[in-house]
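*Asks:* Position 253, counted from 1, in the sequence shown is what UniProt numbering calls 253; the numbers after and before it change by one each time, with no gaps.
Note that the Cβ used here is the ideal one computed from N, Cα and C, for glycine as well.
All values derive from a computational prediction rather than experimental measurement.
Mind looking over this structure? Questions follow.
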Amino acid sequence: MSKNKMFSIPENETEILKFWKENKCFEVSNAKNKNNKKFVFYDGPPFATGLPHYGHILSGTIKDTIGRFYNQKGFYVERRFGWDCHGLPVEYEIDKKLKIVDRNQILNMGVAKYNEECRNIVDKYTNEWEEIVERMGRWVDFKGGYKTMDVSFMESVWFIFKKIFDRNRVYRGFKIMPFSTACKTAMSNFEATQNYKDVSDPSVLVCFPALNATMFEKYKEVNFVAWTTTPWTLPANCALCINPSFTYVLFVLEKEPEKGYVMEKERVSIYLKNAIVKQEIKGVDLVGLEYEQPFTCYEEYRKKGFFRILSGEFVTRDSGTAIVHCAPSFGEEDYKVFLRQKLIGKNEEPPCHIDENGKFTIPLENFFRKEHVLEKSLLGFYIKDADKIILSVLKDKLLFNSKMVHSYPFCWRSDTPLIYRLVPNWHIKVEDLRENLLKTLETTNWTPNDVKTKRFYNWLANASDWAVSRQRFWGTPLPIWARYENEKYDFEDLICIGSVKELEALTETNITDIHRHFIDHLFIHKEGKTYKRIEEVLDCWFESGSMPYAQDNLSGISQISGEDFLKKENFPADFIGEGIDQTRGWFYTLHVISTMLFDLPAFKNVIVNGIVLAEDGKKMSKRLKNYPDPKEVFDKYGADALRFYLISSPVVEAENLKFSEKGVSEIIKTVIIPWYNILVFYDSLSVEGDDFESESKIELSDWIDCELNNFVFNVNKAMKEYKLNVISGYCLRFIDSLSNWFIRINRKGLRKNKLKLGRLIYDFSIVMAPFTPFFAEFSYQKVLCDCIKDIKKENKSKQSVHHELIPDTELKCNDFNKIKVVVEGIRHLREKYGIKLKRVLKKASVVVPKVNEKEYKELFMKFESVILRECNLLKIELELMENFDVKIDVKPNYSAIKKDEIKSKCAILNKHKKEIIEQLKLENDCTFLPKDEMIISYDFVSEKHGDLFNGVGVVLDVEETEETKRMSLARDFSSFVNKMRKELGLSIKNNVLVKVEEEDIISSCQEYNSGGMVFGKSGDIIGKSDYDYNGRKINVSLYKQ
């Protein structure tokens, strides 16, 4: 790194971590604000069964940044870590460890032993989590954190559930749900969307022979043709479904004219090119016709009305034949049709031939319609393995047999295909709550907003009743005891428990834990009836949705007098943040429960982050090793660079990020190194003899104060709007202003006023602390002792930047910014036309409208010396825009205009375009529209070395004179010598003599006093180099004085 190649960012961060720990800086920061107003944020609990990845680092960085910022705004910000200890991830790990493949193995070993195995694995990764979280610089309380398996947390979840139950919002029913046969459990729809893959599946048209259909009597055989990609579901076929409004056709094939087939009219040609259509049939006329199902295993259901053509509006022409093979055990619409037609009751299970492992429970070969010899029975066959056998058995019933590649959901935990199957479940009524869910959503602020108005809004508007039970073992047990007689449950007679104390009273038992193996044996005897707990546990998403209340064991919750709703102190939370996938997960469950019980949203503000992908755009994969280990990134670049890279990217606005080490390295290059170099310069200054009265003599002192003030203002504004990714722009601008303008212009002056620079660094470090916590601390400590004279010596070593408050400021203007535009414009033209900055130019003209003439004359009087020096000019002149041929054009700036005003503003622009252009030319202003709502382009028509910048013109006079040539030579040679000095490691205090055998160079330098250079030859030679002069190499030597 510049100035000090021994400086190591990662090693420095390790020292900072040590400093924080030794001085309990996190604890002190909390204690300082303990009695202040609270800023509440909820930390969504990660699963306790894996190590943190970039997704966790991203969300952790966002949470830590917000927490640190509001702590430095004077709020008390409680930051507690949470662990999601229950559910599938934990059970899956234990199943692998104990080689468990079916439910009976768990029952045989005992639920108690199984659950204790689950409990023991929860802490497996705790140390690794703490290590990573600490290394990334996140301040969070692990010791005071919560675990969803703690009795107090679980009991609070019971309380929340009972409140919902008491509102008559809980019912038992069947629902088609995503189901993992590997994990033997149903999944939420949210979980089912986590892992889609392209797979190749059968694509077949199956014939279902019509029975007793008089409309087809002239044909030997007529078949209804249905499409399926899941042959394994055919044994459970119970009906065929058509759309009554469609037109169907009966067709034959040339080789078998006596055999007919029925499909929707427009779908025939998709599969069969040689079909001969014989007649059209209205869909409604097919309803009620019987057919022959492929297998006879459930023939007894025919008398109930099964194996007939049913009417279904859900049937489309998008795929297949518009005749749907219905298996109500495996299809949501199939099941709904059977309920609607009253073919099955609400709590009645339709035919199903597989178990929770996805294996056949019947010897299907006993139910073939034709003899077919198999090598082994299909009993116990896995469904996907059975597909080929079923297609072989039905070979003569297949009109079309092919393969198709499509996107299909896989279990996010086991990476095996999910199926959809009917499972009994306990549900919470949500559908009738949709209007309230949308009402409470209105008061929330989302970053980005379109996740709220589109994705989340649509999810709420179409919310289904929530299936909250799981047929698992390790989780919070559903606190429902159902009447139990003759080893059967009566689900119409229920008792819901809301606390341990209540259960102890009803069972006359002392209870220390409420996991299944502690309470499943407890019976409730009441009014001569016996009640037993149902077997299910709560979905772990219900637990995480209850965490605002359960993490504090219901602290601060009470009933609103005379109303159904509850109230809670410091609720809703001020902030939450998680990934885009949580719109159907944690964000949803939080919102549903809070709306249901509190008639409020659970949070006021939310940042939705996208997904961190590998650099190639693929999902990060340990197997593919397509991303760097986070620990390696910390060790190579440090945590600040990674943190600032993440929060400066679009990933904090729900966009996906292709992770790149180059991006992390760029933060080092553009932020950390320039900042470090400022500190190096500061260290080179001496505080002794500081002239406290000389600040007014330092050029641009007021301007840099204004720049700092506006930096603070912009950061405050962005953070209050939760716009993290704009902070880097403000940071880079200030670093540029401080380093490339203020310090560079005042390098000599600051040697007599070190404290001026120290105070700027001090204030900048405080504001940057939430974003780069390590380097801000390092920077702060560098200047602390110089800047804070009245701090007690014993406290200096313990004071942290994170204990400082970020002030509120108001936006200010400083007239130097207009001069800065001129200077940057001249530099831009030099670069454009290949004119080096070392070359002296005779003149530059600044062109402004007449209305701005007086203002710029005053600016020139104030800053002329700065312009001449910074632009290497002999003269600067002010000229009027009216004397030049300038072309101005205006277009609407859609990004700055409110959506509902775009049409009217565009109409104004089109109508008054000429007047607007004339105003801009004469007054550099506009009365018709705000300037920021227009994109204004200025162009000189005929000026060769001129251009316009923000409405101000700059024209260069590039003619060379003898004077400008000699001045340019002197400045260029002076720059060359300074470069030699730097390479030799000389400081400003080291005096040297310069030897060069070229009189023109010597006389030019002496005439124009280039840096006080002294020519001569005496003492020891310390360096040599060649200077390029008019195409010749001139030897230059430096001698130590």
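For the beta strand (DSSP E) holding A482, just list the boundary residues, first then last.
*Replies:* Taking the sequence shown and counting its residues from 1, the one referred to as residue 482 is at position 482. 480–485 is the span of the beta strand (DSSP E), which, as asked, contains A482.
*Asks:* What number of angstroms, rounded off, separates the C-alpha of P548 from the C-alpha of Y42?
*Replies:* Position 548 of the sequence shown, counted from the first residue, corresponds to residue 548. Position 42 of the sequence shown, counted from the first residue, corresponds to residue 42. When rounded, the distance between both Cα atoms is 7 Å.
*Asks:* State the DSSP-derived secondary structure class of L399, mapped to helix, strand or coil.
*Replies:* The sequence position of residue 399 within the sequence shown is 399, counting from 1. Of the three classes helix, strand and coil, the one that applies to L399 here is strand, per DSSP.
*Asks:* I'd like to know whether the C-beta atoms of T509 and L522 end up nearer to each other than 8 Å.
*Replies:* Working through the sequence shown from its first residue, we reach residue 509 at position 509. Working through the sequence shown from its first residue, we reach residue 522 at position 522. Yes, Cβ-Cβ distance for T509 and L522 is below 8 Å.
*Asks:* Over what stretch of residues does the alpha helix (DSSP H) that includes T65 continue unbroken?
*Replies:* Taking the first residue of the sequence shown as position 1, residue 65 is located at position 65. Where T65 is concerned, the enclosing alpha helix (DSSP H) stretches over 54–72.
*Asks:* Between residue 1047 and the rest of its own chain, which residues show a CB-CB distance below 8 Å, the 5 nearest in sequence each way excluded?
*Replies:* Given that the chain is displayed from residue 1 to residue 1041, the structure contains no residue 1047 and the question cannot be resolved.
*Asks:* Just verifying my parser: in three-state terms, what is the DSSP assignment at P807?
*Replies:* Counting from 1 along the sequence shown, the entry for residue 807 is found at position 807. Here P807 sits in coil by DSSP.
*Asks:* Taking the Cβ atom as the reference point for each residue, do L205 and T321 lie within a distance shorter than 8 Å?
*Replies:* Here residue 205 is taken as the residue at index 205 of the sequence shown, counted from 1. Here residue 321 is taken as the residue at index 321 of the sequence shown, counted from 1. Their beta carbons are under 8 Å apart, which means L205 touches T321 by this criterion.
*Asks:* If we require 3 or more residues per run, which beta strand (DSSP E) segments fall completely within the region 316–382?
*Replies:* Those beta strand (DSSP E) runs which fall completely within the region 316–382 and span 3+ residues are 323–326.
*Asks:* Tell me whether the beta-carbon of P351 lies closer than 8 Å to the beta-carbon of C241.
*Replies:* Mapped onto the sequence shown, residue 351 falls at position 351. Mapped onto the sequence shown, residue 241 falls at position 241. Cβ distance not < 8 Å, so P351 and C241 don't count as in contact.
*Asks:* Do you know whose CA, among F295, R1032, S414, N462, lies nearest K370's CA?
*Replies:* By one-based count along the sequence shown, residue 370 stands at place 370. Closest option to K370, Cα to Cα, is F295.
*Asks:* Considering S156, what are the terminal residues of the alpha helix (DSSP H) in which it resides?
*Replies:* Position 156 of the sequence shown, counted from the first residue, corresponds to residue 156. Here the alpha helix (DSSP H) through S156 covers 151–166.
*Asks:* Taking 8 Å as the threshold (C-beta atoms), are A48 and D102 in contact?
*Replies:* For the purposes of this step, residue 102 is identified with residue 102 of the sequence shown, where counting begins at 1. For the purposes of this step, residue 48 is identified with residue 48 of the sequence shown, where counting begins at 1. Cβ atoms of D102 and A48: not closer than 8 Å.
*Asks:* Report the start-end ranges of each beta strand (DSSP E) in the region 902–965 that is 3 residues or longer and not cut off at the edges.
*Replies:* Correct list: 934–940, 946–949, 952–957.
*Asks:* What are the start and end residues of the beta strand (DSSP E) that includes P601?
*Replies:* As a position in the sequence shown, residue 601 is number 601, starting the count at 1. Taken as a continuous stretch (DSSP letters only), P601 belongs to no beta strand (DSSP E), as it is neither H nor E.
*Asks:* When we look at the beta-carbon of P930 and count the other beta-carbons within 10 Å, is it buried (16 or more) or exposed?
*Replies:* In the sequence shown, residue 930 corresponds to position 930, counting from 1. With fewer than 16 other Cβ atoms within 10 Å, it is exposed.
*Asks:* Do you know offhand how far R79's Cα is from S937's?
*Replies:* Start at 1 with the first residue of the sequence shown, and residue 79 comes out as number 79. Start at 1 with the first residue of the sequence shown, and residue 937 comes out as number 937. The straight-line gap from Cα to Cα measures roughly 50 Å.
*Asks:* So, are the CB atoms of R317 and E264 less than 8 Å apart?
*Replies:* To locate residue 317, count along the sequence shown from 1; it is residue 317. To locate residue 264, count along the sequence shown from 1; it is residue 264. Result yes, Cβ atoms of R317 and E264 sit closer than 8 Å.
*Asks:* To the nearest angstrom, how far is it from the Cα of K3 to the Cα of V680?
*Replies:* Numbered from 1 along the sequence shown, position 3 holds the residue referred to as residue 3. Numbered from 1 along the sequence shown, position 680 holds the residue referred to as residue 680. Because the pLDDT at K3 is just 43, under 50, the model does not fix this residue reliably, and the point stays unresolved.
*Asks:* Are S59 and G577 touching if we call contact CB-CB under 8 Å?
*Replies:* One-based indexing of the sequence shown puts residue 59 at position 59. One-based indexing of the sequence shown puts residue 577 at position 577. For S59 and G577, yes; Cβs fall inside 8 Å.
*Asks:* Given 8 Å as the limit, is there contact between the region 392–402 and the region 445–465, that is, 3 or more CB pairs closer than that?
*Replies:* In short, these stretches do not touch, since the Cβ pair count stays below three.
*Asks:* For S737, which residues from the same chain have a beta carbon less than 6 Å from its beta carbon, with the 5 sequence-adjacent residues on both sides left out?
*Replies:* For this step, residue 737 is matched to residue 737 along the sequence shown. Excluding sequence neighbours, S737 sits near E707.
*Asks:* Using the Cβ count rule (16 or more neighbours within 10 Å means buried), how would you classify V277?
*Replies:* For the purposes of this step, residue 277 is identified with residue 277 of the sequence shown, where counting begins at 1. The residue in question, V277, is exposed, as its Cβ has fewer than 16 Cβ neighbours within 10 Å.
*Asks:* Report buried or exposed for K618, applying the criterion of at least 16 other Cβ atoms within 10 angstroms of its Cβ.
*Replies:* Indexing the sequence shown from 1 puts residue 618 at position 618. Under this definition K618 is an exposed residue.
*Asks:* Which residue wins for smallest C-alpha separation from H803, given the options A327, K34, P10?
*Replies:* In the sequence shown, the residue the question calls residue 803 occupies position 803. The shortest Cα separation from H803 among A327, K34, P10 belongs to K34.
*Asks:* In the DSSP assignment, find the unbroken alpha helix (DSSP H) run with D828 in it and report its ends.
*Replies:* The count along the sequence shown starts at 1 and reaches residue 828 at position 828. Residue identity check: residue 828 is His in the sequence provided, not Asp. Run containing H828: 816–832, per the alpha helix (DSSP H) assignment.
*Asks:* Alpha carbon to alpha carbon, how far is V133 from N12? Give it in angstroms, no decimals.
*Replies:* The residue given as residue 12 occupies position 12 in the sequence shown. The residue given as residue 133 occupies position 133 in the sequence shown. Taking the straight line joining both Cα atoms gives about 17 Å.
*Asks:* Quick one: using the 10 Å Cβ neighbour count with 16 as the cut-off for buried, is K793 buried or exposed?
*Replies:* Counted from its first residue, the sequence shown places residue 793 at position 793. Residue confidence is low: K793 scores 47 on pLDDT, short of 50, so the model does not pin down where it sits. Its coordinate-derived value is still stated next. With fewer than 16 other Cβ atoms within 10 Å, it is exposed.
*Asks:* Work out the CA separation of V954 and L841 for me, nearest whole Å.
*Replies:* Taking the first residue of the sequence shown as 1, we reach residue 841 at position 841. Taking the first residue of the sequence shown as 1, we reach residue 954 at position 954. For L841 and V954, the distance between alpha carbons rounds to 13 Å.
*Asks:* Check the Cβ-Cβ distances between N30 and every residue of chain D, and say whether any is below 8 Å.
*Replies:* Structure shown: chain D not included; a single protein chain is present.
*Asks:* Between L613 and the rest of its own chain, which residues show a CB-CB distance below 8 Å, the 5 nearest in sequence each way excluded?
*Replies:* Residue numbering aside, residue 613 sits at position 613 when the sequence shown is read from its first letter. Cβ neighbours of L613 beyond the five flanking positions: K619, M620, N656, L657, K658, F659.
*Asks:* What residue from F711, R455, S558 has the CA that sits closest to L811's CA?
*Replies:* The residue you call residue 811 lines up with position 811 of the sequence shown. It is F711 whose Cα lies nearest to the Cα of L811.
*Asks:* Whole angstroms are fine: how far does the CA of V324 sit from the CA of T193?
*Replies:* Counting from one through the sequence shown, the residue named residue 193 turns up at place 193. Counting from one through the sequence shown, the residue named residue 324 turns up at place 324. Taking the straight line from one Cα to the other gives about 24 Å.
*Asks:* For a minimum of 3 consecutive residues, which ranges assigned as the beta strand (DSSP E) are wholly contained in the region 491–536?
*Replies:* Within the region 491–536, the complete beta strand (DSSP E) runs of at least 3 residues are 523–526, 529–533.
*Asks:* Please return the same chain residues whose Cβ sits closer than 6 Å to the Cβ of R267, not counting the five positions on each side in sequence.
*Replies:* Here residue 267 refers to the residue found at position 267 when the sequence shown is read from its first residue. Cβ neighbours of R267 beyond the five flanking positions: T321, A322.
*Asks:* Skipping 5 residues on each side, what residues in its chain have a beta carbon closer than 7 Å to that of N626?
*Replies:* Numbered from its first residue, the sequence shown carries residue 626 at position 626. Here the set comprises A614, D616, K618, M620.
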